[in-house]
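Trainee: So that we are looking at the same thing, I have put the structure below in structure tokens.
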Amino acid sequence: MDFIAKNIAEVAPSMTLSITAQAKALKKQGVDVLSFGAGEPDFNTPAPIIAAATEALASGKTRYTESAGILELRESIAAKLMVDNSVQYDPSQISVNCGAKHSCYNAILAVVNPGDEVIIPAPYWTSYPEMVRMVGGIPVIVETKRENGWKLTPDEFEDAMSPMTKMIILNTPGNPTGSVYSKDELKALAEIAVGEGIVILSDEIYEKLVYGGHEHVSIASLGKDIYDHTITINGFSKAYAMTGWRLGYTAAPKKIAEAIDTIQSHTTSNPTSFAQYGALAALQMDQQIVSDMRDEFDVRRQYMLGRLSNIKNVRVVEPMGAFYFLVDIEPMQIKSVNFCEKLLSKQKVAAVPGVAFGSEYTIRFSYATGLDIINAGMDRFEEFCSQH
Numbered sequence: 003m004d005f006i007a008k009n010i011a012e013v014a015p016s017m018t019l020s021i022t023a024q025a026k027a028l029k030k031q032g033v034d035v036l037s038f039g040a041g042e043p044d045f046n047t048p049a050p051i052i053a054a055a056t057e058a059l060a061s062g063k064t065r066y067t068e069s070a071g072i073l074e075l076r077e078s079i080a081a082k083l084m085v086d087n088s089v090q091y092d093p094s095q096i097s098v099n100c101g102a103k104h105s106c107y108n109a110i111l112a113v114v115n116p117g118d119e120v121i122i123p124a125p126y127w128t129s130y131p132e133m134v135r136m137v138g139g140i141p142v143i144v145e146t147k148r149e150n151g152w153k154l155t156p157d158e159f160e161d162a163m164s165p166m167t168k169m170i171i172l173n174t175p176g177n178p179t180g181s182v183y184s185k186d187e188l189k190a191l192a193e194i195a196v197g198e199g200i201v202i203l204s205d206e207i208y209e210k211l212v213y214g215g216h217e218h219v220s221i222a223s224l225g226k227d228i229y230d231h232t233i234t235i236n237g238f239s240k241a242y243a244m245t246g247w248r249l250g251y252t253a254a255p256k257k258i259a260e261a262i263d264t265i266q267s268h269t270t271s272n273p274t275s276f277a278q279y280g281a282l283a284a285l286q287m288d289q290q291i292v293s294d295m296r297d298e299f300d301v302r303r304q305y306m307l308g309r310l311s312n313i314k315n316v317r318v319v320e321p322m323g324a325f326y327f328l329v330d331i332e333p334m335q336i337k338s339v340n341f342c343e344k345l346l347s348k349q350k351v352a353a354v355p356g357v358a359f360g361s362e363y364t365i366r367f368s369y370a371t372g373l374d375i376i377n378a379g380m381d382r383f384e385e386f387c388s389q390h
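Basically the numbering used here = 1-based index in the sequence shown + 2.
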């Protein structure tokens with residue numbers, strides 16, 4: 003007898019987590035592996051955040067909270083969204099979740115019916131299509147072009163739509179591409195979505211990691227109608243080096259927010275109580291810590307760009323956000339899984355195959371690691387590419 007639900011049986015495990023686990027296992031065996039797979043900052047969580055959570059534990063703040071999170075944190079998030087993103091949400095429209103990944107899933111579950119189509123530009127973060135499948139929706143993958151900076155165009159959006167389209171997922175700054183949509187680019191896509199009654203899921207988890215004079219724009223800030231169609235996703239993992247704390251949040255129109263709260267009340271009950279006080283401290287502390295981390299990422303980004311740009315047989319688009327390079331390996335005509343297996347076997351360099359992001363002839367490097375590792379890794383990668 004097959005006990006596994008059909009929707010779940012069709013879901014693929016996370017390849018990014020799998021690659022990271024493989025690299026860690028080899029390191030434990032004493033193998034000199036240089037890993038570029040992890041999508042998490044290599045910095046420690048800032049001290050004020052740790053202190054606030056420690057104090058919360060010591061003072062007994064370990065019980066259930068409101069299902070959507072403590073009011074003080076939701077009020078602070080609302081203030082942050084107003085100041086940083088020019089969008090006004092009442093705390094009742096905000097739900098604090100167990101990581102931005104959980105936020106995305108809650109939002110999709112709240113909106114997407116079985117059989118509904120969800121447009122996902124590729125290359126995409128690996129979990130989006132699987133989340134859609136888990137709720138019975140149909141992911142509609144739209145391949146974007148390297149010459150367009152891996153960004154969806156209005157024509158590509160319109161060509162992908164059907165009467166069954168319920169949602170479009172936009173991720174800016176983007177994983178795995180590092181692409182950042184401009185205000186005009188977002189407005190053009192938003193106007194199409196509004197005209198067709200399509201919900202926009204805007205994943206903005208990398209908003210604090212933008213470089214080269216580019217600006218992060220929250221799509222919900224571009225007009226009342228757009229705001230009414232948008233679910234904004236954000237969290238604490240990337241900006242504050244809090245990946246293991248598992249805290250993200252949604253901000254949404256009232257009815258959608260209520261549905262997300264209902265979902266959470268029947269699943270996790272609430273996000274971890276004492277971690278929420280750490281998140282509150284993150285928003286209230288001196289944000290120079292965040293700027294300093296971003297500046298360090300930028301140094302690594304520029305260094306890796308220089309190295310990759312001089313390696314034969316690969317092509318790169320300069321990433322303007324997040325902490326990834328999506329490397330085009332099509333000139334070598336080796337599929338991404340095979341490429342990454344050979345790279346790990348021969349050069350002990352771990353990267354993520356682009357097939358995980360819907361882009362077969364690419365691989366992803368994370369530069370959320372030290373310059374010494376980046377330098378050594380690029381030496382090995384260059385040697386590998388020179389042989390193919």
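Glycine included, C-beta positions come from ideal geometry on N, C-alpha and C.
Which runs of the beta strand (DSSP E) fall wholly inside the stretch 198–236 and span at least 3 residues, in chain order?
Mentor: As far as the stretch 198–236 is concerned, its whole beta strand (DSSP E) runs of at least 3 residues are 201–205.
Trainee: Tell me the residue span of the alpha helix (DSSP H) that contains I10.
Mentor: Mapped onto the sequence shown, residue 10 falls at position 8. K8 to A11 is the span of the alpha helix (DSSP H), which, as asked, contains I10.
Trainee: Please list the terminal residues of the continuous beta strand (DSSP E) segment that includes P123.
Mentor: Here the question's residue 123 lines up with position 121 in the sequence shown. That run of the beta strand (DSSP E) goes E119 to A124.
Trainee: Is the beta carbon of N87 closer than 9 Å to that of E12?
Mentor: In the sequence shown, counting from the first residue as 1, residue 12 sits at position 10. In the sequence shown, counting from the first residue as 1, residue 87 sits at position 85. No, they are not a contact pair.
Trainee: Compute the Euclidean distance between the alpha carbons of A283 and N108, then round it to the nearest angstrom.
Mentor: On the sequence shown, position 281 is the one that residue 283 refers to. On the sequence shown, position 106 is the one that residue 108 refers to. Each residue's Cα considered, the two are about 25 Å apart.
Trainee: Under the three-state reduction of DSSP, which class applies to R382: helix, strand or coil?
Mentor: Indexing the sequence shown from 1 puts residue 382 at position 380. The answer is helix: DSSP assigns R382 an H, G or I state.
Trainee: The alpha helix (DSSP H) with Y305 in it runs from where to where?
Mentor: Stepping through the sequence shown from its first residue, residue 305 is reached at position 303. Q290 to S311 is the span of the alpha helix (DSSP H), which, as asked, contains Y305.
Trainee: Rounding to the nearest angstrom, what Cα-Cα distance links P131 and I122 in this structure?
Mentor: Here residue 131 refers to the residue found at position 129 of the sequence shown. Here residue 122 refers to the residue found at position 120 of the sequence shown. C-alpha separation (whole angstroms): 7 Å.
Trainee: Which one of K29, K63, E68 and S61 has the shortest CA to CA distance from S267?
Mentor: Here the question's residue 267 lines up with position 265 in the sequence shown. When each option's Cα is compared against that of S267, the closest is E68.
Trainee: Checking 9 Å against the spacing of the C-beta atoms, do C342 and I21 come in under that value?
Mentor: Numbered from its first residue, the sequence shown carries residue 342 at position 340. Numbered from its first residue, the sequence shown carries residue 21 at position 19. Cβ atoms of C342 and I21: closer than 9 Å.
Trainee: Expressed to the nearest angstrom, what Euclidean distance is found between the alpha-carbon atoms of T274 and N315?
Mentor: The count along the sequence shown starts at 1 and reaches residue 274 at position 272. The count along the sequence shown starts at 1 and reaches residue 315 at position 313. Answer to the nearest angstrom: the Cα atoms are 47 Å apart.
Trainee: When the distance is taken between beta carbons, is C100 closer than 9 Å to G246?
Mentor: Reading the sequence shown from its first residue, position 244 is the one you call residue 246. Reading the sequence shown from its first residue, position 98 is the one you call residue 100. No; because the gap between Cβ atoms is not below 9 Å, this pair is not in contact.
Trainee: Does DSSP put I143 in a helix, in a strand, or in coil?
Mentor: Here residue 143 is taken as the residue at index 141 of the sequence shown, counted from 1. I143: strand per DSSP, three-state reduction.
Trainee: Considering only residues of the stretch 64–140, which uninterrupted alpha helix (DSSP H) runs meet the minimum length of 4 residues and lie entirely inside it, listed in chain order?
Mentor: Counting whole runs of 4 or more residues, the stretch 64–140 contains the alpha helix (DSSP H) stretches 73–87, 102–113 and 129–136.
Trainee: What is the rounded straight-line gap between the Cα of K82 and the Cα of L203?
Mentor: Position 80 of the sequence shown, counted from the start, is the residue given in the question as residue 82. Position 201 of the sequence shown, counted from the start, is the residue given in the question as residue 203. For K82 and L203, the distance between alpha carbons rounds to 19 Å.
Trainee: Can you have a look at R65 and say buried or exposed, based on whether 16 or more other CB atoms are within 10 angstroms of its CB?
Mentor: The residue you call residue 65 lines up with position 63 of the sequence shown. When all chains shown are included, R65 counts as exposed.
Trainee: Please return the same chain residues whose Cβ sits closer than 6 Å to the Cβ of A410, not counting the five positions on each side in sequence.
Mentor: In the structure displayed, the chain extends from 3 to 390; residue 410 sits before or after that span and is not available.
Trainee: Rounded to whole angstroms, what is the Cα-Cα separation between A324 and P156?
Mentor: Along the sequence shown, one-based indexing puts residue 324 at 322. Along the sequence shown, one-based indexing puts residue 156 at 154. Their backbone Cα atoms lie some 23 Å apart in a straight line.
Trainee: Name, in chain order, the residues that DSSP records as bridge partners for A253.
Mentor: In the sequence shown, the residue the question calls residue 253 occupies position 251. Looking at the DSSP assignment, A253 forms a beta bridge with I96 and T234.
Trainee: Could you have a look at V354 and say whether DSSP puts it in helix, strand or coil?
Mentor: Counting from one through the sequence shown, the residue named residue 354 turns up at place 352. Strand at V354.
Trainee: Just to confirm, is the Cβ distance from S37 to A358 under 9 Å?
Mentor: Sequence index remark: in the sequence shown, residue 37 carries index 35 (1-based). Sequence index remark: in the sequence shown, residue 358 carries index 356 (1-based). Taking 9 Å as the Cβ cut-off, S37 and A358 do not qualify as a contacting pair.
Trainee: Evaluate A70 with the Cβ neighbour count: other Cβ atoms within 10 Å of its Cβ, from every protein chain shown; 16 or more gives buried, anything less gives exposed.
Mentor: Stepping through the sequence shown from its first residue, residue 70 is reached at position 68. Its Cβ being crowded by 16 or more others within 10 Å, A70 is buried.
Trainee: Touching or not, the stretch 207–226 and the stretch 176–195, by the rule of three or more beta carbon pairs under 8 Å?
Mentor: Yes: at least three Cβ pairs fall under 8 Å.
Trainee: Can you find the residues in the same chain that come closer than 6 Å, C-beta to C-beta, to G139, ignoring five residues on each side of it along the sequence?
Mentor: Numbered from 1 along the sequence shown, position 137 holds the residue referred to as residue 139. Once the five neighbours on either side are set aside, the close Cβ partners of G139 are V114, D118 and V120.
Trainee: Measuring CB to CB, does G62 end up less than 9 Å from N177?
Mentor: Here residue 62 refers to the residue found at position 60 of the sequence shown. Here residue 177 refers to the residue found at position 175 of the sequence shown. Not closer than 9 Å, so no.
Trainee: Where does F367 land, buried or exposed, given buried means 16+ other C-beta within 10 angstroms?
Mentor: The residue given as residue 367 occupies position 365 in the sequence shown. Buried, by the Cβ-count rule.
Trainee: Please return the same chain residues whose Cβ sits closer than 6 Å to the Cβ of Y208, not counting the five positions on each side in sequence.
Mentor: Here residue 208 is taken as the residue at index 206 of the sequence shown, counted from 1. Result list for Y208: P175, K240, G323 and A324, in chain order.
Trainee: Can you look up F5 in the DSSP assignment and give me helix, strand or coil?
Mentor: The residue given as residue 5 occupies position 3 in the sequence shown. Of the three classes helix, strand and coil, the one that applies to F5 here is coil, per DSSP.
Trainee: Rounded C-beta distance between A253 and G39? I'm assuming under 8 Å.
Mentor: Here residue 253 refers to the residue found at position 251 of the sequence shown. Here residue 39 refers to the residue found at position 37 of the sequence shown. Not a contact, Cβ separation roughly 30 Å.
Trainee: What separation, rounded to the nearest whole angstrom, lies between the Cα atoms of F299 and I200?
Mentor: As a working mapping, residue 299 is identified with position 297 in the sequence shown. As a working mapping, residue 200 is identified with position 198 in the sequence shown. Going by the C-alpha atoms only, they are around 35 Å apart.
Trainee: Would you list the one or two residues that DSSP bridges to S37?
Mentor: Here residue 37 corresponds to residue number 35 of the sequence shown, with the count starting at 1. Note: S37 sits in a beta bridge opposite A352.
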